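Each residue of the sequence shown is one higher than the last, beginning at 1 in UniProt numbering. Let me begin by presenting the structure, written as structure tokens, before commenting on it.
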Amino acid sequence: MEQLQAQSREKKTGNAVKVLRKEGWVPGIMYGSEVGNKPIQLKGRELDAALRHQTTNKPFRLSVDGDTHDVMVYELQRHPLQGNILHADFKKINMNEKIHTSVPVLMTGDPELGVATLVRHSVEVTCLPGNIPESFLVDVDGFNIGDVVLVADLTVPPGVELGLDSTEVLISVLPVKVKSEESIDAEQEAEAVAEKAGTANE
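What follows is the structure in structure tokens.
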């Protein structure tokens, strides 16, 4: 479990928060029945490093002023252009109580024919926080057009309950989309114009 270091902070807005971010801090909130809504701040680089090692659907150990808490990342607000984290919300959890969360579905391999398409990008699960799978990885190598992967086909670790019907489709192998005559003509026309322009510039 990844460890995060944080400090308590006074709840401020506007310029005070901007100053925090300029100094490399990410403002955040830790909340739960035992802690209420506790404003915190974390070093942006340390938070980024932890998130590179562990996905947000797994529990983290958060140390705040010397006290340690088991938490889940509830929400990350990122800058729409730069992508850096602007604010982080953490929910305090009990490692001995089951929780509901979503686990991503990932594909590996290439179908023999057709294109594998994710029908569902994630699956809802219920389990103890320590049993949450990082992902459900499905190998589609050698699949053919018309093949499907159902919820029932997933390899589910012990102690994990799925929140979907076993017959629900997760991945479907579809035919490769054939280009229409019009789109082919348009591409050839564009290539001819580009070639002509290139010749004129020589």
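Glycine residues also receive a C-beta, built at the ideal position from the N, C-alpha and C atoms. The model shown is predicted, which means the values in this text are computed figures rather than measured ones.
Taking a C-beta distance under 7 Å as the contact criterion, residue 109 and residue 147 do not qualify as a contact pair. Residue state for residue 62 is assigned as strand, using DSSP reduced to three classes.
Collapsing the DSSP output to three states places residue 46 in a helix. Burial is judged here by how many other beta carbons sit within 10 angstroms of a residue's own beta carbon; residue 47 has at least 16 and is buried.
The three-state secondary structure of residue 146, taken from DSSP, is coil. Scanning its chain for C-beta atoms nearer than 6 Å, with the 5 sequence neighbours on each side dropped, one finds around residue 100 the residues 126, in chain order.
For residue 103, the enclosing beta strand (DSSP E) has its first and last residue at 99-108. Taking all protein chains shown into account, residue 64 has 16 or more neighbouring C-beta atoms within 10 Å of its C-beta and is therefore buried.
DSSP places residue 9 in no beta strand (DSSP E); its state is neither H nor E.
Counting only runs of at least 3 residues, the segment 9-41 fully encloses the following beta strand (DSSP E) elements, listed from N- to C-terminal order: 25-32.
Distance from the Cα of residue 2 is smallest, within the candidate group 71, 177, 76, 66, for 71. With the rule of 3 Cβ pairs closer than 8 Å, the segment 159-166 counts as touching the segment 111-127. Counted as a single uninterrupted DSSP element, the beta strand (DSSP E) harbouring residue 72 occupies residues 67-78. Residue 62 is classed as buried because its beta carbon has at least 16 other beta carbons within 10 Å across all chains shown. The beta carbon of residue 88 sits closer than 6 Å to those of 26, 28, 76, all from its chain and outside the five residues before and after it, given in chain order.
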